[in-house]
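To keep things clear, I will list the structure first and then write my remarks on it.
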Amino acid sequence: MSGFSNWLAAHTDTMTLWIGALCTLGLFSILYRENKIYRFFEHLFLGLSMGYLMGNIWTDTLRPKWWIPLWNDGEWWQIGVLFCGLCYYLMFFKKVSWISRLIIGFILGVSSGLAFQAFVNDYWPQIPASFKPLWPHPELRDKAGHILVKALSVPDVLNNLIFMIILVCVMSYFFFSLEQNNRVLKRSATAGRWMMMFSFGAIFGSTMMARIALLIDRLDFLINDFGPQIGGQGVMFIVLLALCAVVILLVRRNEREQE
Amino acid sequence: MRYRNIIYFLNRIDRRILYTLLILAITIPFFYKIRIPVPISRQTDQLYSAVEALPANSMVLFGADWSASTRGENRPQSEALVEHLMRKKVRIIILCFDPQAKFLMQAIMEKKGPSHGYKEKRDWANFGYRPSQANFLKAFGPDIPTTLSMDIHGNRVQDLPVMQGVQTAHDIDMLVNVTGSTTSDAYVQYLQGSYHLKMAAAITSVMVPEAFNRLDSGQFIGMMPGLQGAIEYEQKLGYVGRASIASESSSAAHLLVIALIFLGNICMLLERRIVQAGGAAK
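Line by line, the protein sequences are chains A and B.
For the first sequence, the working numbering assigns the number 19 to the initial residue and increments by one for each residue that follows.
For the second sequence, the working numbering assigns the number 25 to the initial residue and increments by one for each residue that follows.
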């Protein structure tokens with residue numbers, strides 16, 4: 019057993035690279051079509067993540083924050099936390115299910131308070147930041163020479179103007195208190211909808227960028243990290259090309275069979 | 025007839041051929057060491073300046089909230105930021121709201137630390153994964169030692185030299201959040217807003233358009249947007265890391281996607297015209 023442990027310790031890096039490469043290629047097999055290899059690696063990944071999460075909750079939170087104080091530091095009253103947690107499960111027993119509602123009510127109250135603070139800290143600073151100056155001016159300083167207001171150039175003003183127009187147009191789109199029959203309101207709402215479409219386009223473009231970045235990382239791993247394991251980056255590049263060629267040939271064969 | 029067949033073929037090209045082209049566009053630049061300079065965006069420049077302005081021995085809270093699923097963007101960002109922070113000789117404490125991040129960050133710190141003379145416990149500490157971010161940060165702000173209690177090796181906070189003098193969030197000089205999810209929201213809501221911390225975020229590209237609100241309002245003093253931000257930061261830093269290696273692959277892949285979008289639309293319009301003219305495409 020110790021021989022195996024030593025062997026494992028000596029080959030951990032190599033095994034990590036091989037397992038990583040096999041998992042990557044297994045998951046990439048979805049690019050051909052839905053298949054059992056992909057399903058296997060998908061379930062493996064989900065199971066591992068859940069197990070890993072549970073392990074981390076114990077080692078990083080429950081053990082240092084609850085178990086050690088309870089057993090080693092004599093903080094016996096921490097057993098009450100376990101009792102409160104278990105009360106949650108009383109919802110499955112009709113006669114005493116009211117006890118679980120006490121705990122749920124407590125959690126809801128805390129969450130509501132937190133949500134209010136979250137809203138204030140998150141959105142309030144953005145409201146004054148939306149009011150932007152629309153006239154160019156030089157830098158303003160106090161008597162001690164400290165900058166009170168930064169200089170505003172003509173391009174800055176143009177930026178602010180575009181920002182204000184978009185803000186008003188988009189807000190008018192969400193103005194539902196009146197029927198939007200008024201010509202000005204109607205046009206600004208339509209413009210607002212267009213602006214949002216541009217914004218969604220930008221978000222979609224960013225999503226593309228993110229996905230490409232993730233693909234670059236995996237291919238970087240396969241070629242630059244795993245490649246040397248099988249004879250070099252060039253060899254891995256040829257293996258990848260060969261896999262792509264096999265996939266294309268399989269697709270062509272399926273097409274011919276369907277015809 | 026030949027022209028029509030080409031249009032027909034291009035409109036129905038199998039997606040797996042496009043995947044192969046994308047793989048080629050990404051992998052071929054790995055074999056060439058060309059470095060195309062990229063313009064530095066305002067938000068990356070602001071983040072760089074904020075880190076640059078930190079005096080030595082400042083305390084930086086490094087919120088690492090990413091996992092293997094966003095490693096392509098968040099790892100180069102983390103490496104570039106850690107490189108800069110270590111050059112500035114500041115103290116770093118790592119906190120994760122994603123369970124995978126603690127080991128991913130530990131590996132980065134252990135790799136970079138020795139070359140900068142950084143030692144764990146003395147110059148940096150990793151406090152690992154904590155669940156329930158909102159509740160945790162609410163408790164963290166007024167009493168850091170009690171809330172953190174131990175690092176990932178089981179060392180108590182009071183035994184860590186790096187934590188000397190750190191009691192509340194007011195003792196933190198800068199908060200950097202590298203994230204692949206919405207954890208920067210909770211940092212703004214329960215820490216930055218309440219304690220007026222200097223906060224910067226390194227986020228994935230998907231989140232960038234919405235994060236500009238926070239940059240405009242001053243809630244973020246700087247931002248590193250996706251892999252592109254990491255490329256810019258490395259260039260600003262004069263450091264060749266993961267992002268710089270991926271730079272040309274990223275450009276090539278984007279050019280290919282743009283070209284394919286143009287080609288697809290042109291072919292669609294041409295085929296529509298052929299059909300309207302009364303001729304079948306094939």
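Yeah, the Cβ is synthetic: ideal placement off N, Cα and C, and Gly gets one too.
All figures in this text were calculated on a predicted structure; none of them were measured in a lab.
Measure how close the beta-carbons of residue i and residue j come, nearest whole angstrom, since I'm counting them as under 8 Å.
i: Leu85/B; j: Ile117/B; result: 6 Å
i: Lys229/B; j: Pro249/B; result: The amino acid occupying residue 229/B in the given sequence is Ser; Lys does not appear at that position. About 6 Å; that satisfies the 8 Å criterion.
i: Met247/B; j: Ile227/B; result: 7 Å
i: Pro100/B; j: Leu239/B; result: Going by Cβ atoms, the distance from Pro100/B to Leu239/B rounds to 20 Å, so no, they are not a contact pair.
i: Ser130/A; j: Pro154/A; result: Contact flag wrong, Cβ pair sits at about 46 Å.
Assuming residue i is part of the alpha helix (DSSP H), what are its boundary residues?
i: Val230/B; result: Note, Val230/B: premise wrong, no alpha helix (DSSP H); not H, not E.
i: Ile168/B; result: 168 to 172
i: His278/B; result: 266 to 300
i: Met72/A; result: 54 to 74
i: Leu215/B; result: No alpha helix (DSSP H) holds Leu215/B; DSSP gives it neither H nor E.
i: Ser129/A; result: 115 to 141
i: Ala209/A; result: 201 to 238
i: Arg28/B; result: 26 to 35
i: Arg154/B; result: First-last for Arg154/B: undefined, no H or E at that position.
i: Tyr72/B; result: 66 to 76
i: Leu221/B; result: Here Leu221/B belongs to no alpha helix (DSSP H), and DSSP marks it neither H nor E.
i: Ser139/B; result: Here Ser139/B belongs to no alpha helix (DSSP H), and DSSP marks it neither H nor E.
i: Gly252/A; result: 251 to 276
i: Ala147/A; result: 144 to 147
i: Pro87/A; result: 86 to 89
i: Gly98/A; result: 97 to 105
i: Ser195/A; result: It is not in any alpha helix (DSSP H) - Ser195/A carries neither H nor E in the DSSP assignment.
i: Ser20/A; result: 20 to 28
Nearest by alpha-carbon distance to residue i: which of the options is it?
i: Pro173/A; options: Ile183/A, Leu152/A, Lys161/A; result: Leu152/A
i: Asp209/B; options: Thr225/A, Ala133/A, Gly245/A; result: Ala133/A
i: Val212/B; options: Asp238/A, Ser130/A, Ile55/A, Gln144/A; result: Gln144/A
i: Tyr70/A; options: Phe160/B, Gln216/B, Asp122/B, His278/B; result: Asp122/B
i: Asp78/A; options: Phe54/B, Asn179/B, Gly165/B, His140/B; result: Asn179/B
i: Leu120/A; options: Gly131/A, Gly65/A, Pro156/A, Cys105/A; result: Cys105/A
i: Ser205/B; options: Ala235/B, Ile41/B, Met83/B, Val281/B; result: Ala235/B
i: Leu258/A; options: Asn242/A, Glu273/A, Arg271/A; result: Asn242/A
i: Asn272/A; options: Asp38/B, Met133/B, Ala104/B, His194/B; result: Asp38/B
i: Phe216/A; options: Arg236/A, Arg229/A, Val188/A, Leu80/A; result: Val188/A
i: Val265/A; options: Glu60/A, Ala27/A, His29/A, Tyr50/A; result: Tyr50/A
i: Leu240/A; options: Leu40/A, Ala27/A, Leu88/A; result: Leu40/A
i: Asp69/B; options: Arg40/B, Asp147/B, Ala224/B, Ser218/B; result: Ala224/B
i: Thr171/B; options: Asn35/B, Val190/B, Asn29/B; result: Val190/B
i: Gly245/A; options: His29/A, Phe22/A, Gly38/A, Thr30/A; result: Gly38/A
i: Thr208/A; options: Ile184/A, Lys150/A, Gly223/A; result: Ile184/A
Kindly identify the DSSP beta-bridge partner or partners of residue i.
i: Pro249/B; result: Ile227/B
i: Glu144/B; result: Trp148/B
i: Val202/B; result: Ala88/B, Ala226/B
i: His155/A; result: Leu170/A
i: Tyr50/A; result: Tyr50/A is not bridged to any residue.
i: Arg40/B; result: BP columns for Arg40/B are empty, so no partner.
i: Arg180/B; result: Met174/B
i: Ile165/A; result: Arg159/A
Got a sec, what are the start and stop residues for the beta strand (DSSP E) residue i sits in?
i: Asp89/B; result: 83 to 89
i: Arg95/B; result: It is not in any beta strand (DSSP E) - Arg95/B instead sits in the alpha helix (DSSP H) that spans 95 to 111.
i: Ile116/B; result: 115 to 120
i: Thr192/B; result: From DSSP, Thr192/B is part of no beta strand (DSSP E); its letter is neither H nor E.
Next item on the list: May I ask you to list, following chain order, the residues of the region 208 to 231 of chain A that have a beta carbon less than 7 Å from some beta carbon of chain B?
Entry: Residues of the region 208 to 231 of chain A with a C-beta atom less than 7 Å from some C-beta of chain B are Ser217, Ala220, Ile221, Ser224, Thr225, Met226, Met227, Ala228, Ile230, Ala231, listed in chain order.
Item checked: Residues within the region 167 to 193 of chain B neighbouring chain A, beta-carbon criterion of under 8 Å -> Answer in chain order: Ser173, Met174, Ile176, Gly178.
Checklist line | Interface residues of the region 68 to 99 of chain A facing chain B [CB-CB below 7 Å] | finding: Against chain B - using a Cβ distance shorter than 7 Å - the residues of the region 68 to 99 of chain A are Tyr70, Leu71, Asn74, Ile75, Asp78, Thr79, Pro82, Lys83.
Next item on the list: May I ask you to list, following chain order, the residues of the region 136 to 162 of chain A that have a beta carbon less than 7 Å from some beta carbon of chain B?
Entry: Those would be Ala136, Asn139, Asp140, Pro143, Gln144, Ala147, in chain order.
Next item on the list: Below 8 Å between beta carbons is the criterion; list the residues of the region 286 to 304 of chain B that meet it against any residue of chain A, in chain order.
Entry: Listed by position along the chain: nothing, the set is empty.
Item checked: Residues, ordered as in the chain, of the region 237 to 251 of chain B that lie near chain A by beta-carbon distance below 7 Å -> Contact annotation: in the region 237 to 251 of chain B, residues whose CB is within less than 7 Å of a CB in chain A are Asn237, Asp240, Ser241, Gly242, Gln243, Gly250, Leu251.
Check: Of the residues that make up the region 56 to 80 of chain B, which ones have a beta carbon closer than 8 Å to any beta carbon in chain A?
Finding: Residues passing the 8 Å Cβ filter: none.
Notebook entry, point to check: According to a CB-to-CB cut-off of less than 7 Å, which residues of the region 26 to 46 of chain A neighbour chain B?
Noted result: Residues passing the 7 Å Cβ filter: none.
Notebook entry, point to check: What residues in the region 252 to 274 of chain A bring their beta carbon closer than 7 Å to a beta carbon of chain B?
Noted result: The region 252 to 274 of chain A vs chain B, Cβ under 7 Å: Phe255, Leu258, Cys262, Val265, Ile266, Val269.
Check: Given a limit of 8 Å on CB to CB distance, which residues of the region 231 to 245 of chain A reach chain B?
Finding: Here the close residues are Ala231, Leu232, Leu233, Ile234, Asp235, Arg236, Leu237, Asp238, Ile241, Asn242.
Item checked: Contact set between the region 142 to 153 of chain B and chain A, restricted to residues whose Cβ is under 9 Å from the partner -> Answer in chain order: Phe151, Gly152, Tyr153.
Next item on the list: Taking only beta carbons into account, state which residues of the region 117 to 137 of chain A come closer than 7 Å to chain B, listed in chain order.
Entry: Residues of the region 117 to 137 of chain A that bring their beta carbon within less than 7 Å of a beta carbon in chain B comprise Leu132, Gln135, Ala136, in sequence order.
Next item on the list: With 9 Å as the limit, tell me which residues of the region 110 to 127 of chain B have their beta carbon closer than that to any beta carbon of chain A; keep them in chain order.
Entry: Within the region 110 to 127 of chain B, the residues whose Cβ lies closer than 9 Å to some Cβ of chain A are Cys120, Pro123, Gln124, Lys126, listed in chain order.
Notebook entry, point to check: When you check each C-beta in the region 203 to 222 of chain B against every C-beta of chain A, which residues fall closer than 8 Å?
Noted result: For chain A, the residues of the region 203 to 222 of chain B that bring a beta carbon within less than 8 Å of one of its beta carbons are Asp209, Ala210, Val212, Gln213, Tyr214, Gln216, Gly217, Ser218, in chain order.
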